[in-house]
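Numbering (this note's numbering), first residue to last: 25 to 474.
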């Protein structure tokens, strides 16, 4: 896999970086992921009275947002609805032209909708994506695409719509717009992300000339998570969700691996990039942060701390309109399991005609005798995989290859996209343990990967 490109090389630019060497890894995913990561960033780095005051001063509250009653976080899950608005407020004239004015796109709509459930019974955060074209019943407006709820009635109607669809309470609400996302990525020093192919989308402003690793500034990162017209995507919205999950996992990988990531100023910027309901207090952020920091110490790979899901669905045309229709009973089982604290199994892990996201794939680097990971783990983390602890692997050939267990062929295909030179083969399940796929780093690794 090629080494990361310099910030201004080959079309994937990023903001200037004056921070320590690890700083470019810290970034935020997606419009909505900005909200999620702003929470995670704040929570993984918040400590002490000074930070309590910093968060309190930076927090922007949305008035009139109606959420469910307070809860006992020690006993019950906390459900946070995070919404990325396509509002153009705060963009420069050039950016307005790139993304279109609000009049041109027909009013404000939710560009991305995510439900984050942090359940003490599970000791993990579960993040569920909602396809923007998901057909749901919007109270008072009949059936429509879920992202229309925001245009009809703002945050409160969006909250009601999600509650009725999922059967889950919503305890908090967070929102970020296009400008806020870009500012947050730049504040965090840019985003390092690896891709397995060239990606071009003129409408989104995305131009990545070839496979490799890039440090993306706010505009490029925003284009990456919003792109819907990339060659090879069979169902654009599903592929976009897959990339958003990849972005989130890559960010979380780094947040879990570095202590004391952020100073007070960056925390203030991160929290200030999003708007929240009035019940999300600095004290609750501190409490939640302590819990997630403890999770990170127990689970540095993020394999158990962050679970990425999506509402299961397929595309269909109703009347003259294209929708995503929720698959039943799988969708109902997903939210019932969330509510009851049961295992989710593979519910909501994949989407129709779309390969699994790296963000849900557990991979282990296996080194042959006399070799080391040679940067393979760093590349995998930046590519958004769930990277488990490496192990020594005894191989007769000691050549690099990709291996997978039964039932994980599609996951091996995703990994192979990042290492196309390597052969792929199925192995007995006990060889990989909890991992689904493995990357064997042999003595030829540097030669075959370039």
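Just so it is clear, CB atoms sit at the ideal spot from N, CA and C, and this is done for glycine as well.
Residue 183: member of the alpha helix (DSSP H) spanning 172-190, first to last residue.
For residue 414, the enclosing beta strand (DSSP E) covers residues 410-416.
Our two residues, residue 256 and residue 378, have alpha carbons roughly 10 angstroms apart in a direct line. DSSP places residue 468 in the coil class of the three-state scheme, outside both helix and strand. Judged by DSSP secondary structure, residue 107 falls within the beta strand (DSSP E) whose first and last residues are 102-109. Annotated three-state conformation of residue 141 is strand, per DSSP. Taking C-beta separations shorter than 6 angstroms and ignoring five residues to either side along the sequence, the partners of residue 220 in its chain run 235, 441 and 442, following chain order. In the three-state DSSP reduction, residue 366 falls in the coil class, being neither helix nor strand. Cα atoms of residue 407 and residue 146: separation of roughly 26 angstroms, rounded to the nearest angstrom. According to DSSP, residue 207 shares a beta bridge with no other residue.
When C-beta atoms of the region 222-237 are compared with those of the region 187-205, fewer than three pairs fall below 8 angstroms, so the two segments do not count as touching. The residue among 303, 370, 195 and 241 with its C-alpha nearest the C-alpha of residue 331 is 370.
When only Cα atoms are considered, residue 459 and residue 105 end up about 30 angstroms apart. When secondary structure is reduced to three states using DSSP, residue 217 falls in the strand class. Taking C-beta separations shorter than 7 angstroms and ignoring five residues to either side along the sequence, the partners of residue 357 in its chain run 371, following chain order. By the neighbour-count criterion, in which 16 or more other beta carbons inside 10 Å mark a residue as buried, residue 136 falls on the buried side. In the pairwise beta carbon analysis, the region 426-438 is classified as touching the region 449-465: at least three pairs are separated by under 8 angstroms.
DSSP, reduced to helix, strand and coil, places residue 403 within a helical segment of the structure shown. Taking 8 angstroms as the cut-off, the Cβ atoms of residue 138 and residue 152 count as close. Remark: fewer than three beta-carbon pairs, one from each stretch, lie closer than 8 angstroms, so the region 348-366 and the region 381-391 are not flagged as touching. Going by C-alpha positions, residue 218 is about 11 angstroms away from residue 409.
When secondary structure is reduced to three states using DSSP, residue 473 falls in the helix class.
In the structure shown, residue 146 falls within a coil segment according to DSSP collapsed to helix, strand and coil.
Residue 216 has its alpha-carbon roughly 18 angstroms from the corresponding atom of residue 439. When C-alpha distances from residue 346 are compared across 155, 142, 456 and 90, the shortest belongs to 155. Counting C-beta atoms within 10 angstroms of its own C-beta, residue 199 has 16 or more neighbours from the protein chains shown and is therefore classed as buried.
The DSSP-derived three-state label of residue 340 is strand. In this structure, residue 390 places its C-beta atom within 8 angstroms of the C-beta atom of residue 465.
Within the model, the alpha-carbon separation for residue 341 versus residue 351 is close to 15 angstroms. Rounded to the nearest angstrom, the Cβ distance from residue 181 to residue 163 is 7 angstroms, consistent with a contact under 8 angstroms. For residue 252, the three-state secondary structure derived from DSSP is coil.
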